[in-house]
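Residue numbers for the sequence shown follow UniProt numbering, beginning at 1 and rising by one.
Glycine is no exception: its CB is placed at the ideal position from the N, C-alpha and C atoms.
The block underneath contains the structure these notes are about, expressed in structure tokens.
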Amino acid sequence: MFSECRIVSGSLLRLSCRLSPLNLSCSATFKRPSCPCSSLHHSASNTFGNRPVLFLSHLSSLLSSPHRSQKASRWLSQAAVSMELKAVLEVLEQLAPLSLAESWDNVGLLVEPSKPHPVKAILLTNDLTSAVMDEAEAMQCDLIISYHPPLFRPFKRLVQKDWKQRLAVRAIEGGIAVFSPHTSWDSANGGLNDWLIGGLGGGRVSVLSQALCSAPQKNRLEFTARGQEELNNILKLLKETENSEAFQYTVLRNEEGGQQVILTCPSSALTPVVQTVLGNTTASQSLSITQVQQPPMLGCGQGRHIVLDEPVSVAVAVQRMKTHLGLPHLRLALGEQRSLDAVVKTAAVCAGSGASVLQGVKADLYVTGEMSHHEVLDAVAKGTSVVLSDHSNSERGFLSVFKERLASRLPDSVTIAISKRDRDPLEVV
Numbered sequence: 001m002f003s004e005c006r007i008v009s010g011s012l013l014r015l016s017c018r019l020s021p022l023n024l025s026c027s028a029t030f031k032r033p034s035c036p037c038s039s040l041h042h043s044a045s046n047t048f049g050n051r052p053v054l055f056l057s058h059l060s061s062l063l064s065s066p067h068r069s070q071k072a073s074r075w076l077s078q079a080a081v082s083m084e085l086k087a088v089l090e091v092l093e094q095l096a097p098l099s100l101a102e103s104w105d106n107v108g109l110l111v112e113p114s115k116p117h118p119v120k121a122i123l124l125t126n127d128l129t130s131a132v133m134d135e136a137e138a139m140q141c142d143l144i145i146s147y148h149p150p151l152f153r154p155f156k157r158l159v160q161k162d163w164k165q166r167l168a169v170r171a172i173e174g175g176i177a178v179f180s181p182h183t184s185w186d187s188a189n190g191g192l193n194d195w196l197i198g199g200l201g202g203g204r205v206s207v208l209s210q211a212l213c214s215a216p217q218k219n220r221l222e223f224t225a226r227g228q229e230e231l232n233n234i235l236k237l238l239k240e241t242e243n244s245e246a247f248q249y250t251v252l253r254n255e256e257g258g259q260q261v262i263l264t265c266p267s268s269a270l271t272p273v274v275q276t277v278l279g280n281t282t283a284s285q286s287l288s289i290t291q292v293q294q295p296p297m298l299g300c301g302q303g304r305h306i307v308l309d310e311p312v313s314v315a316v317a318v319q320r321m322k323t324h325l326g327l328p329h330l331r332l333a334l335g336e337q338r339s340l341d342a343v344v345k346t347a348a349v350c351a352g353s354g355a356s357v358l359q360g361v362k363a364d365l366y367v368t369g370e371m372s373h374h375e376v377l378d379a380v381a382k383g384t385s386v387v388l389s390d391h392s393n394s395e396r397g398f399l400s401v402f403k404e405r406l407a408s409r410l411p412d413s414v415t416i417a418i419s420k421r422d423r424d425p426l427e428v429v
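And the structure:
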């Protein structure tokens, strides 16, 4: 099987083989719908079999013209070092399932090129700005992973007047895919908020706003049939209803000799199921309906709370966060009757704009990107000190962590870079 296949100097084919000489398995390496030399794939897999000398001779003839040589060289190089966009998206889903994102968020693949899209270069950024797009184009990026979704609100046209629409047009014209994880990273176990709270030190960490497992079967119905014949009639009618493939049922024999049915179904199938059951006298008299509760996803959700193993002063906590975020300055509001020497035993964090998640949480210290003036006053009045880093400064440092996780799951040949031009728009002057 090939471990490497590329054109060197536009004419020489370099092959590294493993396990066996060139054989039918090479067709999987070469095969791509957009291959400019389809006869190359056909000949390699069907004509030459395990005869690499004849294959190389045939390849040499295919590359005899400069034009075809250039196309074949580009395609073979691409095939050897790229990964399909779909496969990269599957890896991203494994790292942070999009189902963890908040319902209001706009996450996932936001711009998808129309042609088959091999990914050789990925750019990570907190925000997709014009400067970052310049950087992506310069490095011939195939995929931009922008933590914040550059496309959020619906729009009816793509015009040059709006800066976000301009970026979308540039991505489309350049064949650059754009993906945004946003709150799925916030919520994931080991994600952005776990990274953020880790800057304060070790301790017992819990989730502030628990994420719930998806539960497509949201309704549970129980009813009883007098015997097998009656049960068969009910089940026959149920299977004839709309969305019958969406429900599941179990039949148990009760103490009176009847048949107890436990059926679960999504809300879309609830009405026809209930109407069918109510058509049977025995079943309708015993029918009960309960709504299935979604179980929590342990370790997943928005915000984090920590009980520190070793309490520290406010001053030490602030210094730790400066180091963790790589910032020379942070904004601090001391809680009422608190000083820099006040002890911090508990803290709560939320990356970005965390006021809604932190509201009402009892802690000695809040850490987030931004809060409004009045939200800070409310926290301070309750004796909670507040540390603000500015919005994206509370998030950007996680990119380096994610880069390592992504790199460990992709081929070494796929380049992953963190934007050098991405920064928070606010700075201290």
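Is the beta carbon of residue i less than 8 Å from the beta carbon of residue j?
i	j	result
Pro149	Ser180	yes
Ala96	Leu208	no
Val178	Val91	no
Val251	Val261	yes
Ser286	Phe223	yes
residue 450	Glu336	Limits of the chain in this structure are 1 at one end and 429 at the other, which puts residue 450 out of reach.
His324	Gly199	yes
Gly227	Gln259	yes
Thr264	Gln275	no
Ala168	Leu158	yes
Ala351	Glu395	yes
Val312	Leu330	no
Asp142	Ile176	yes
Val132	Ser419	yes
Val361	Leu334	no
Leu399	Leu109	no
Ser385	Leu332	yes
Compute the Euclidean distance between the alpha carbons of residue i and residue j, then round it to the nearest angstrom.
i	j	result
Ser184	Gly174	27 Å
Gly397	Arg423	11 Å
Trp75	Ser82	Below a pLDDT of 50, predicted positions are generally treated as unreliable, and Trp75, at 46, falls in that range; the measurement from the model is reported next regardless. Approximately 10 Å, taken between the alpha carbons.
Leu221	Leu212	22 Å
Val277	Pro266	16 Å
Leu365	Asn126	25 Å
Val376	Asn393	18 Å
Ala283	Ala225	6 Å
Glu229	Pro295	36 Å
Leu85	Gln140	15 Å
Gln94	Ala87	11 Å
Leu40	Leu270	Per-residue confidence for Leu40 stands at a pLDDT of 34, beneath the threshold of 50, marking its modelled position as unreliable; the derived number appears in the next sentence. Each residue's Cα considered, the two are about 56 Å apart.
Ser206	Phe155	38 Å
Leu298	Gly190	11 Å
Thr129	Ser353	19 Å
Gly201	Ile145	29 Å
Leu98	Arg166	26 Å
Arg320	Lys161	43 Å
Gly279	Lys218	23 Å
Ser339	Leu358	21 Å
Asp341	Val316	9 Å
Ala136	Ser114	19 Å
His182	Val428	26 Å
Leu410	Phe152	28 Å
Lys164	Gln210	32 Å
Gly303	Leu426	23 Å
Based on the DSSP output, what are the partners of residue i in its beta bridges?
i	result
Leu143	Ile122, Ala177
His305	Ser206, Ala348
Ala333	Val386
Ala417	Leu123
Ser284	Partner(s): none; Ser284 has no beta bridge.
Leu109	Phe179
Cys265	Asn219
Thr323	None; Thr323 has no bridge partner.
Ser353	Glu370
Pro116	In DSSP, Pro116 forms no bridge with anything.
Leu365	Ala347, Ser385
Pro296	Leu212
Thr290	Arg220
> Which runs of the alpha helix (DSSP H) fall wholly inside the segment 154-184 and span at least 4 residues, in chain order?
Replying inline: As far as the segment 154-184 is concerned, its whole alpha helix (DSSP H) runs of at least 4 residues are 163-174.
> Would you call the segment 381-396 and the segment 357-371 in contact, with 3 or more CB pairs under 8 Å?
Replying inline: With the cut-off at 8 Å, the segment 381-396 and the segment 357-371 touch.
>> As an exercise, report each continuous beta strand (DSSP E) stretch of at least 3 residues that is fully enclosed by the segment 198-256, in chain order.
In response: Fully enclosed beta strand (DSSP E) runs of 3 or longer: 203-212, 219-225, 248-253.
>> Would the segment 101-121 count as touching the segment 407-423 if we require 3 or more Cβ pairs under 8 Å?
In response: Two segments are said to touch when three or more pairs of C-beta atoms, one from each, lie closer than 8 Å; by this definition the segment 101-121 touches the segment 407-423.
> Is the segment 186-203 touching the segment 226-243, taking contact as three or more C-beta pairs under 8 Å?
Replying inline: No, they do not touch.
>> Closer than 8 Å is the cut-off here; do at least three beta carbon pairs connect the segment 303-313 with the segment 339-356?
In response: At 8 Å Cβ cutoff, the stretches touch.
> If you scan the segment 82-109 from start to end, which runs of the alpha helix (DSSP H) of 4 or more residues do you find wholly inside it?
Replying inline: Those alpha helix (DSSP H) runs which fall completely within the segment 82-109 and span 4+ residues are 85-95.
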